[in-house]
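Protein chains in written order, with the numbering used here: chain A, 152 to 266; chain B, 1082 to 1534.
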């Protein structure tokens, strides 16, 4: 199965300063481990929400809202698309990620409709 | 001495949480135990290959290594539900297995001293006593060694497939049996026999070099592609595709690509599988019927897998030299992936690529595929001429796709009655229900042509 991991890193999501080189090395080590295990299909980081936009739909009306957005806890700072055999496997991998704050969300991607 | 514990834990993961001990009313303890059990299962999937590989290097054979890893798993199943899952579960399993390995080596050594024999095993045992550094070393080569051993040519293809899924994929015997629609006992026997064959042939746990490496790598790639193909067009059963097997094969391929990044054919195989897998969702119609490549809704092709496949193909090409058979087939798959519609397909390039495959790895099946491409590039008569030449080929005697291809070409030439007979013959040759239905439908269409004409 495929799962999407949304990294809601809390305050770090909006931080202007990049992580320390040590922290970066830790992330990269973890990422490498995932790649070696054949788990990672895709990965990416997002710019702070100050550069983001939102479009609200209300019937025919579309309202554009400029960032930054206030609900810091819910802001996604990065994502992974993983190939795993179960949600439990994704959980076990995610628990090993070198983060000390934030909430990470695992969601299964709908695949092979009609099979 | 060890066999009894092995038997007990062979199905360790399959028996589920020990509900027998649980109170009738689900309580907190049971929930915790269930959770722990699910976590153990997932951790096993993640850690087992590395665990077995690390142990195999020390004890010298994968049979013993697997038993030790399984014993560590049993210890986890006994302790974690009550004590909780340790913070570093992989390290815990490795530590436990390591102690078991040291015990085993000491026992072997004592036995050998008794017999006053000095052999390779003693040397290995002495090396083995420095296990802490030995096992904690870089695991990449160990994993590679594990793949090469599980895919050793001394084993039958079936045995290689079962052993690879078991020790590298972390699948249980039950899961492998389900994947291949055979009884659990069949897979269990294959694995036991495979271990015995490896032991009897004194297969050393190592990464082969030189000319041997080329041949052995070919065997590894063949096994992975066999697993993929069984998922991509199941040879038996009611489902035409079984995506889980494709995913297992893809994962093995991706792991191998990281372990042996300088091997162009590894990237070639990964590219081929990624691109073929991109069509999985489009290959099956609403009621489970097969949809052939040229009839597929290309909007349903998985762009992510296509992109990954094209990147892997590029990696193979960048490594230089002439493309190998897998990379060439990936290049053919890429031609389809790049064409926005079926009509845009560059069939002449596909024919040229098949020519190259025929040069490198001639086989009747490749010739048949080439006949299809020639039929598309230069007209059905040219294709049929090539396909007809394959009728006498003994290895294609019961291959259902030969009559299917001939039927298709004959129908395009307006020879409906002959085409109908071919599709009927194809239907009678396949064990897969969905494929049989497809060919029966095509036979019926030909019969209708005949009446209309």
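C-beta atoms are modelled at their ideal positions from N, C-alpha and C, and glycine is treated no differently.
- Look at residue 157 of chain A here: in three-state DSSP terms it is strand.
- Residue environment analysis places residue 1440 of chain B among the exposed positions, since fewer than 16 neighbouring C-beta atoms fall within 10 angstroms of its C-beta.
- Residue pairing from DSSP places residue 1365 of chain B in a beta bridge opposite B/1371.
- When the Cα atoms are used, residue 1279 of chain B and residue 1525 of chain B turn out to be separated by approximately 51 Å.
- Taken residue by residue, none of the stretch 1277-1306 of chain B has a beta-carbon sitting less than 9 Å from a beta-carbon on chain A.
- Exclusion of the five residues before and after residue 1475 of chain B leaves no residue of its chain whose Cβ lies closer than 7 Å to its Cβ.
- Secondary structure of residue 1329 of chain B (DSSP, three-state): helix.
- Contact of residue 1335 of chain B with chain A is assigned, a C-beta pair being separated by under 9 Å.
- Within the stretch 1258-1323 of chain B, the complete alpha helix (DSSP H) runs of at least 4 residues fall at 1265-1281, 1291-1313.
- The continuous stretches of alpha helix (DSSP H) do not include residue 1474 of chain B, and DSSP gives it neither H nor E.
- Cβ neighbours of residue 1249 of chain B within its own chain (closer than 7 Å, five residues either side excluded): 1130, 1227, 1228, 1231, 1333.
- Close partners of residue 1393 of chain B in chain A (Cβ separation under 9 Å) are lacking, with about 12 Å as the shortest Cβ gap.
- Under a criterion of Cβ atoms nearer than 8 Å, the residues of chain A adjacent to residue 1385 of chain B are, in order, 192, 193, 232.
- Here residue 234 of chain A carries a strand assignment [DSSP, helix/strand/coil].
- In the DSSP assignment, residue 1148 of chain B falls within the alpha helix (DSSP H) that extends over 1143-1164.
- Bounds of any beta strand (DSSP E) do not take in residue 220 of chain A, whose DSSP letter is neither H nor E.
- Neighbours of residue 1123 of chain B in chain A, taken as residues whose beta carbon is under 9 Å from its own, are 235, 236, 237, 238, 239, 240, 241, 242, 243, 244 in chain order.
- Between residue 1530 of chain B and residue 1492 of chain B, the C-beta spacing is below 9 Å.
- Assignment of residue 254 of chain A by DSSP, reduced to helix, strand and coil, places it in the strand class.
- For residue 186 of chain A, at least one C-beta of chain B is nearer than 9 Å to its own C-beta.
- Judged by DSSP in its simplified three-state form, residue 212 of chain A adopts strand.
- Interface flag for residue 262 of chain A against chain B is set, since a Cβ pair is found closer than 9 Å.
- Among the residues of chain B, none has a CB under 7 Å from the CB of residue 218 of chain A; the nearest is roughly 27 Å distant.
- The beta-bridge partner set that DSSP reports for residue 1134 of chain B is empty.
- C-alpha of residue 1380 of chain B to C-alpha of residue 1240 of chain B: approximately 39 Å in a straight line.
- The continuous alpha helix (DSSP H) containing residue 1224 of chain B extends over residues 1221-1231.
- Residue 1351 of chain B sits buried, since 16 or more C-beta atoms from the chains shown fall within 10 Å of its C-beta.
- Listed in chain order, the non-local C-beta contacts of residue 1420 of chain B below 6 Å within the same chain comprise 1426, local neighbours out to five positions each way being set aside.
- Taking 9 Å as the cut-off, the beta carbon of residue 1242 of chain B is found closer than this to the beta carbon of residue 1308 of chain B.
- Residue environment: residue 251 of chain A is assigned as exposed (fewer than 16 neighbouring CB atoms within 10 Å of its CB, all protein chains considered).
- Of all C-beta pairs linking the stretch 1345-1365 of chain B to the stretch 1294-1304 of chain B, three or more are shorter than 8 Å, placing the two stretches in contact.
- When secondary structure is reduced to three states using DSSP, residue 1486 of chain B falls in the helix class.
- Beta-bridge annotation (DSSP): residue 229 of chain A is paired with A/158, A/196.
- In this structure, A/177 is the residue among A/172, A/177, A/154, A/170 with its C-alpha nearest to the C-alpha of residue 247 of chain A.
- Straight across, the Cα-Cα distance linking residue 1386 of chain B with residue 1244 of chain B is about 27 Å.
- From the listed residues B/1456, B/1470, B/1471, the smallest Cα separation to residue 1464 of chain B is found for B/1456.
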